[in-house]
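A quick write-up on the structure given underneath.
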Amino acid sequence: MPLKIKKTKGYRIKITLPMDGEMPDVVRTVDIPSDITFKQLHDTIQTVMGWDDAHLYKFLIRQQNITIPEDSLYEEMKNQSPIKGIKQVKVRRLSNKIDKYLQNYRGFEYIYDLGDNWEHTIELIRLLDDYAVGYPKVISGQGNLPPEDSGGVGGWLMMLESLNDPDDPEHEDIVKWLNEIDYLPDGGKLNKKELNDYLKKYFWLKKKV
(Lines of atoms letter the chains of each structure in order from A and count residues from 1; the text may use other names and numbers.)
(Lines give C-alpha, C1' and ligand atoms only; values in the text may rest on other atoms or scores of the structure.)
Protein backbone atom coordinates (compact mmCIF):
# COMPACT_ATOMS: atom_id res chain seq x y z
CA MET A 1 0.00 0.00 0.00
CA PRO A 2 1.54 3.35 -1.02
CA LEU A 3 2.30 5.84 1.70
CA LYS A 4 -0.03 8.81 1.82
CA ILE A 5 1.08 12.31 2.69
CA LYS A 6 -0.67 15.57 3.40
CA LYS A 7 0.55 18.58 1.45
CA THR A 8 2.29 21.03 3.74
CA LYS A 9 5.07 23.59 3.51
CA GLY A 10 7.10 22.56 6.52
CA TYR A 11 7.56 20.42 9.61
CA ARG A 12 8.53 21.11 13.19
CA ILE A 13 10.76 18.31 14.41
CA LYS A 14 12.53 17.49 17.65
CA ILE A 15 16.03 16.04 17.41
CA THR A 16 17.12 14.27 20.59
CA LEU A 17 20.40 12.66 21.60
CA PRO A 18 19.46 10.65 24.72
CA MET A 19 22.12 10.59 27.43
CA ASP A 20 20.80 7.58 29.37
CA GLY A 21 19.44 9.68 32.23
CA GLU A 22 22.91 10.40 33.57
CA MET A 23 22.91 13.96 32.25
CA PRO A 24 20.43 16.14 30.32
CA ASP A 25 19.53 14.92 26.85
CA VAL A 26 20.77 17.06 23.96
CA VAL A 27 17.65 18.42 22.24
CA ARG A 28 17.04 20.75 19.30
CA THR A 29 13.64 21.81 18.02
CA VAL A 30 13.88 22.78 14.36
CA ASP A 31 11.52 23.92 11.61
CA ILE A 32 12.34 22.47 8.19
CA PRO A 33 10.89 22.74 4.68
CA SER A 34 8.73 19.77 3.74
CA ASP A 35 10.55 18.92 0.52
CA ILE A 36 14.03 18.22 1.85
CA THR A 37 15.95 14.99 1.27
CA PHE A 38 17.55 12.74 3.87
CA LYS A 39 20.95 14.13 2.82
CA GLN A 40 19.73 17.67 3.50
CA LEU A 41 18.31 16.55 6.83
CA HIS A 42 21.69 15.03 7.71
CA ASP A 43 23.37 18.37 6.94
CA THR A 44 20.81 20.13 9.11
CA ILE A 45 21.29 17.76 12.05
CA GLN A 46 25.06 18.13 11.88
CA THR A 47 24.75 21.92 12.01
CA VAL A 48 22.14 22.34 14.74
CA MET A 49 23.59 19.67 17.01
CA GLY A 50 27.17 20.86 16.57
CA TRP A 51 28.79 17.77 15.07
CA ASP A 52 31.77 17.98 12.69
CA ASP A 53 30.40 15.69 9.94
CA ALA A 54 33.53 13.56 10.26
CA HIS A 55 32.05 10.04 10.39
CA LEU A 56 29.70 7.65 8.63
CA TYR A 57 25.99 7.81 9.37
CA LYS A 58 22.62 6.29 8.53
CA PHE A 59 18.90 6.77 9.08
CA LEU A 60 16.72 3.92 10.38
CA ILE A 61 12.97 3.49 9.97
CA ARG A 62 12.48 0.45 12.17
CA GLN A 63 8.74 0.08 11.53
CA GLN A 64 9.50 -0.95 7.95
CA ASN A 65 13.05 -2.29 8.43
CA ILE A 66 14.37 0.49 6.19
CA THR A 67 17.96 1.77 6.28
CA ILE A 68 19.07 4.94 4.52
CA PRO A 69 22.88 4.93 4.67
CA GLU A 70 25.54 7.38 3.61
CA ASP A 71 26.13 7.12 -0.14
CA SER A 72 29.50 5.40 0.30
CA LEU A 73 27.74 2.51 2.07
CA TYR A 74 24.73 2.22 -0.22
CA GLU A 75 25.99 -0.31 -2.78
CA GLU A 76 27.55 -2.54 -0.13
CA MET A 77 24.35 -2.66 1.92
CA LYS A 78 22.12 -2.98 -1.15
CA ASN A 79 24.06 -6.01 -2.40
CA GLN A 80 24.28 -7.89 0.88
CA SER A 81 23.13 -11.49 0.54
CA PRO A 82 20.02 -12.36 2.54
CA ILE A 83 20.52 -14.42 5.70
CA LYS A 84 18.09 -17.23 6.33
CA GLY A 85 15.72 -16.48 9.18
CA ILE A 86 16.56 -12.77 9.26
CA LYS A 87 14.23 -10.21 7.71
CA GLN A 88 15.86 -8.52 4.73
CA VAL A 89 16.74 -4.86 5.27
CA LYS A 90 15.31 -2.47 2.69
CA VAL A 91 17.96 0.02 1.61
CA ARG A 92 17.02 3.47 0.29
CA ARG A 93 19.11 6.36 -1.03
CA LEU A 94 19.78 9.67 0.73
CA SER A 95 18.24 11.47 -2.24
CA ASN A 96 14.78 10.31 -1.13
CA LYS A 97 12.64 13.05 0.35
CA ILE A 98 11.71 12.70 4.00
CA ASP A 99 8.03 13.74 3.75
CA LYS A 100 6.26 10.40 3.34
CA TYR A 101 8.44 8.72 5.96
CA LEU A 102 8.12 11.52 8.49
CA GLN A 103 4.36 11.84 8.12
CA ASN A 104 3.57 8.13 8.07
CA TYR A 105 5.89 6.99 10.86
CA ARG A 106 5.99 10.25 12.88
CA GLY A 107 9.76 10.03 13.05
CA PHE A 108 12.80 7.80 12.71
CA GLU A 109 16.35 7.37 13.99
CA TYR A 110 19.63 8.92 12.91
CA ILE A 111 22.89 7.26 13.89
CA TYR A 112 26.08 9.28 13.59
CA ASP A 113 29.54 7.71 13.79
CA LEU A 114 28.98 4.00 13.25
CA GLY A 115 31.77 3.28 15.73
CA ASP A 116 30.64 5.45 18.65
CA ASN A 117 26.97 5.07 17.63
CA TRP A 118 25.43 8.37 18.64
CA GLU A 119 21.76 7.40 18.33
CA HIS A 120 19.44 10.37 17.73
CA THR A 121 15.66 10.29 17.54
CA ILE A 122 13.85 12.50 15.02
CA GLU A 123 10.26 13.20 16.07
CA LEU A 124 7.57 15.00 14.09
CA ILE A 125 5.90 17.59 16.32
CA ARG A 126 3.54 19.18 13.82
CA LEU A 127 2.92 20.24 10.24
CA LEU A 128 3.61 23.86 9.29
CA ASP A 129 1.21 24.97 6.57
CA ASP A 130 2.54 28.54 6.64
CA TYR A 131 6.30 27.83 6.55
CA ALA A 132 7.60 30.38 4.07
CA VAL A 133 11.40 29.98 3.98
CA GLY A 134 13.56 27.53 2.05
CA TYR A 135 15.94 26.63 4.85
CA PRO A 136 15.79 25.16 8.39
CA LYS A 137 15.40 27.34 11.50
CA VAL A 138 16.34 26.47 15.06
CA ILE A 139 13.45 27.18 17.44
CA SER A 140 14.93 26.03 20.74
CA GLY A 141 17.55 23.77 22.24
CA GLN A 142 19.05 22.40 25.42
CA GLY A 143 21.96 20.25 26.47
CA ASN A 144 25.65 20.28 25.63
CA LEU A 145 26.83 17.96 22.86
CA PRO A 146 29.62 15.53 23.80
CA PRO A 147 32.87 15.85 21.83
CA GLU A 148 33.57 13.79 18.73
CA ASP A 149 35.46 10.50 19.22
CA SER A 150 34.58 10.24 22.92
CA GLY A 151 33.26 6.68 22.76
CA GLY A 152 29.53 7.20 22.47
CA VAL A 153 27.24 7.91 25.40
CA GLY A 154 28.84 5.29 27.66
CA GLY A 155 32.38 6.36 26.83
CA TRP A 156 31.60 10.03 27.39
CA LEU A 157 29.96 9.37 30.75
CA MET A 158 33.06 7.47 31.86
CA MET A 159 35.22 10.39 30.73
CA LEU A 160 33.09 12.77 32.77
CA GLU A 161 33.58 10.62 35.85
CA SER A 162 37.35 10.84 35.39
CA LEU A 163 37.13 14.55 34.62
CA ASN A 164 35.31 15.19 37.89
CA ASP A 165 37.81 13.16 39.93
CA PRO A 166 41.30 14.78 40.10
CA ASP A 167 42.67 11.55 41.60
CA ASP A 168 41.57 9.43 38.64
CA PRO A 169 44.56 8.14 36.61
CA GLU A 170 42.92 9.35 33.38
CA HIS A 171 42.05 12.82 34.70
CA GLU A 172 45.05 14.76 33.38
CA ASP A 173 44.97 13.11 29.95
CA ILE A 174 41.28 13.92 29.52
CA VAL A 175 41.76 17.53 30.63
CA LYS A 176 44.64 17.87 28.15
CA TRP A 177 42.61 16.36 25.31
CA LEU A 178 39.57 18.56 25.94
CA ASN A 179 41.80 21.63 26.00
CA GLU A 180 43.40 20.59 22.71
CA ILE A 181 40.01 20.38 20.99
CA ASP A 182 38.70 23.54 22.72
CA TYR A 183 35.82 21.67 24.33
CA LEU A 184 33.95 23.15 27.29
CA PRO A 185 32.12 20.43 29.29
CA ASP A 186 29.66 22.99 30.63
CA GLY A 187 29.08 24.35 27.14
CA GLY A 188 27.34 27.65 26.71
CA LYS A 189 24.01 29.11 25.74
CA LEU A 190 22.72 27.95 22.37
CA ASN A 191 23.30 30.73 19.87
CA LYS A 192 20.16 30.47 17.75
CA LYS A 193 20.91 33.59 15.74
CA GLU A 194 24.35 32.35 14.73
CA LEU A 195 22.99 28.94 13.75
CA ASN A 196 20.07 30.37 11.81
CA ASP A 197 22.28 32.85 9.99
CA TYR A 198 24.50 29.94 8.96
CA LEU A 199 21.54 27.84 7.86
CA LYS A 200 20.11 30.70 5.85
CA LYS A 201 23.42 31.31 4.10
CA TYR A 202 24.49 27.75 3.35
CA PHE A 203 21.33 25.65 3.32
CA TRP A 204 19.20 26.88 0.48
CA LEU A 205 17.43 23.59 0.28
CA LYS A 206 15.74 24.26 -3.03
CA LYS A 207 19.09 23.62 -4.67
CA LYS A 208 19.76 20.19 -6.10
CA VAL A 209 21.84 17.97 -3.83
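Position in the sequence shown (first residue = 1) + 248 = this note's numbering. Backbone N, C-alpha and C define an ideal beta-carbon position, used for all residues, glycine too.
DSSP, reduced to helix, strand and coil, places residue 292 within a helical segment of the structure shown. In the pairwise beta carbon analysis, the segment 266-281 is classified as touching the segment 400-411: at least three pairs are separated by under 8 angstroms. Exposed is the label assigned to residue 310, since fewer than 16 other Cβ atoms lie within 10 Å of its Cβ. With respect to the C-alpha of residue 381, the residue from 447, 327, 437, 264 having the closest C-alpha is 447. The three-state secondary structure of residue 390, taken from DSSP, is strand. Boundaries around residue 366 are those of the beta strand (DSSP E), 366-376, since no alpha helix (DSSP H) includes it. Between residue 293 and residue 368 a beta carbon distance of about 7 angstroms is seen, short of the 8 angstroms cut, so the two are scored as contacting. Closest in alpha carbon position to residue 405, among 353, 442, 366, is 366. Excluding five sequence positions before and after residue 390, the CB atoms of its chain that fall closer than 7 angstroms to its own CB belong to 272, 275, given in chain order. Following the DSSP letters along the chain, one finds residue 402 inside the alpha helix (DSSP H) bounded by residues 400-411. Boundaries of the alpha helix (DSSP H) around residue 423: 419-428. In the displayed model, residue 437 falls within coil according to three-state DSSP, outside both helix and strand. Residue 414 sits exposed, since fewer than 16 C-beta atoms from the chains shown fall within 10 Å of its C-beta. Selection 371, 427, 359 evaluated against residue 349 yields 371 as nearest (Cα-Cα).
If you look at residue 322, you'll find it in the alpha helix (DSSP H) that goes 319-326.
Taking all protein chains in view, the Cβ of residue 417 is surrounded by fewer than 16 other Cβ atoms within 10 Å, so the residue is classified as exposed. Rounded to whole angstroms, the separation of the alpha carbons of residue 411 and residue 384 is 35 angstroms.
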